[in-house]
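S.K.: Chains as they are written, first to last, in our numbering: chain A, 3 to 139; chain B, 3 to 139; chain C, 3 to 139.
First the structure, which I've put down as structure tokens, then a few questions once you've had a look.
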Amino acid sequence: MKSHTRNLTITTPREREIRDITPELEGILKESGIREGLMLVNPMHITASVFVNDAEDGLHQDLMETLERLAPSGRDYHHHRTGETNGDAHLKRQLLGQQVVLAVTEGRLHFGPWERVHYAEFDGRRPKRILVKIIGE
Amino acid sequence: MKSHTRNLTITTPREREIRDITPELEGILKESGIREGLMLVNPMHITASVFVNDAEDGLHQDLMETLERLAPSGRDYHHHRTGETNGDAHLKRQLLGQQVVLAVTEGRLHFGPWERVHYAEFDGRRPKRILVKIIGE
Amino acid sequence: MKSHTRNLTITTPREREIRDITPELEGILKESGIREGLMLVNPMHITASVFVNDAEDGLHQDLMETLERLAPSGRDYHHHRTGETNGDAHLKRQLLGQQVVLAVTEGRLHFGPWERVHYAEFDGRRPKRILVKIIGE
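Below, the structure is given as structure tokens:
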């Protein structure tokens, strides 16, 4: 069994942003030389998500608006007693889904026709890391 | 390390439907010969979910009604500017949870007493594929 | 490839509770001797979640209050026709996220600075099991 571990670092200029990270993941897979296995893609920060969906800007707006409706910013969250102001970001990350596991088949990420991997940042403007770990052969 | 990769194809007669796919997954595990490992079950389409919960029709209705309340159909979603009409289906899939990883122990799917794997379709009536990938020994 | 499988059993005194299970997971990893791989952490009961977020009590209250708002208890759910009264617990578990996969690197759980693994119980006061399965080398 081989394993390959890398960090991706992303700094979003905006507080909230969705970004397609599929090309970076394909690059990490290629350098690993692994042809059959699984890839875990997990944000190392707890106000961000990694998820798979369509790379379509309108949909990304819909996701952000839906999450704002379900877990609004600007509320007096209990978490804010610690001095933090990002309670909504922690909640949004859980509702969207925190991480994904991808199949690696014949040396490639094994996707359906519209599947793309995205990073969703809810508390950005700082460097954030995403852990990518592949195991296989 | 062994790996085993299969597609399940499902066409739901209704637009939205929840279906227990545990027997199909057990069949794929059996043909793999893998006795210890992990199985990824991932819909290859981005308006569907794979999740684990009770195989109880009333609960499935509750899930569908809750998702309709949180991400209603019939809204004028930004995604619809592309000509699509299924914006709510993309949102529902994210809220329910997109994929699962299952444990394989002594040649069987390692479940608690009520765990069953389900496919939730939010934009059906067409053939859809689910990727099943097992790695282990 | 090595694999290591264990159950954690938890009985929460309260019906709903969030508990940090990171120390127990680190103990299971240590006894496995696995240094590179993946760890699946999956509740074997379908009214509970395993998720990764900050170990901060205020945030845990915010999560519980948000989930109660999105999937309220005390409703007349279809699931209750079976005699059950915990329909909301099944729904909350799906919205929060049912399971996690963790990276194992150099013999340790590979986390960002604030990542902690939590068990969220929505129908407690009974012994519940969490399946922990590690594969790797």
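Where a beta carbon is used, it is the ideal one built from N, C-alpha and C, also for glycine.
Under the DSSP definition of a beta bridge, which residues are partnered with T11 of chain B?
M.R.: T11 of chain B is bridged to B:R131.
S.K.: Would you call the segment 41 to 55 of chain A in contact with the segment 95 to 110 of chain A, where contact means no fewer than 3 C-beta pairs closer than 8 Å?
M.R.: Contact between the segment 41 to 55 of chain A and the segment 95 to 110 of chain A is present, because at least three Cβ pairs lie under 8 Å.
S.K.: Distance check for K135 of chain C and E19 of chain B, CA to CA, integer angstroms please.
M.R.: Roughly 31 Å separates the two Cα atoms.
S.K.: Tell me, please, which residues DSSP counts as bridged to V74 of chain C.
M.R.: Residue 74 of chain C is actually Pro in this sequence, not Val. None, per the DSSP bridge assignment.
S.K.: Is the segment 88 to 95 of chain C in contact with the segment 79 to 93 of chain A, if contact means three or more CB pairs nearer than 8 Å?
M.R.: Counting Cβ pairs under 8 Å, fewer than three are found: no touch.
S.K.: Please name the residue, chosen from A:P115, A:R71, A:R131 and A:F124, that lies closest to D56 of chain A on a Cα-to-Cα basis.
M.R.: Checked all of A:P115, A:R71, A:R131 and A:F124; the closest Cα to D56 of chain A is A:P115.
S.K.: Going by DSSP, what residue range makes up the alpha helix (DSSP H) through H81 of chain A?
M.R.: Neither: H81 of chain A is in no alpha helix (DSSP H) and is coded neither H nor E.
S.K.: Give the secondary structure of D56 of chain A by DSSP, where H, G and I count as helix, E and B as strand, and everything else as coil.
M.R.: Here D56 of chain A sits in coil by DSSP.
S.K.: Taking C-alpha atoms, which residue in A:I137, A:E139, A:G138 and A:I132 lies nearest to D22 of chain A?
M.R.: With distances taken between Cα atoms, D22 of chain A lies closest to A:I132.
S.K.: Going by the DSSP bridge assignment, what does K4 of chain B pair with across the sheet?
M.R.: Answer by DSSP bridge pairing, in chain order: B:G138.
S.K.: Which residues of chain B have a Cβ atom closer than 8 Å to the Cβ of M3 of chain A, listed in chain order?
M.R.: Those within 8 Å of M3 of chain A in chain B are M3.
S.K.: Judging by CA-CA distance, which residue of B:E139, B:L27 and B:F53 is the nearest neighbour of G99 of chain A?
M.R.: Among B:E139, B:L27 and B:F53, the Cα nearest to that of G99 of chain A is on B:F53.
S.K.: Quick one, which of A:G109, A:I36, A:G89 and A:A122 has its alpha-carbon nearest K4 of chain A's?
M.R.: For the residues A:G109, A:I36, A:G89 and A:A122, the minimum Cα distance to K4 of chain A belongs to A:I36.
S.K.: Please name the residues in the segment 39 to 69 of chain C whose beta-carbon is closer than 7 Å to at least one beta-carbon of chain A, in chain order.
M.R.: So the close ones are G39, L40, F53, V54, N55, D56, E58, G60, L61, Q63, D64, L65 and T68.
S.K.: Among B:I137, B:E38, B:P74 and B:L61, which one has its Cα closest to the Cα of H112 of chain B?
M.R.: Closest option to H112 of chain B, Cα to Cα, is B:E38.
S.K.: What is the residue span of the beta strand (DSSP E) that G39 of chain A lies within?
M.R.: Residues G39 to P45.
S.K.: Taking the straight line between their C-alpha atoms, what separation do you get for R16 of chain C and T24 of chain C?
M.R.: C-alpha separation (whole angstroms): 20 Å.
S.K.: Tell me the rounded alpha-carbon separation between F124 of chain B and H6 of chain A.
M.R.: In a straight line, the C-alpha of F124 of chain B is about 36 Å away from that of H6 of chain A.
S.K.: Would you say I36 of chain A faces chain C, with C-beta separation under 8 Å as the test?
M.R.: False, the Cβ-Cβ gap to chain C never drops below 8 Å.
S.K.: Check the Cβ of V103 of chain A against every Cβ in chain C and list those closer than 9 Å, keeping chain order.
M.R.: Ordered by position in chain C, the residues that pass the 9 Å Cβ test against V103 of chain A are L40 and V103.
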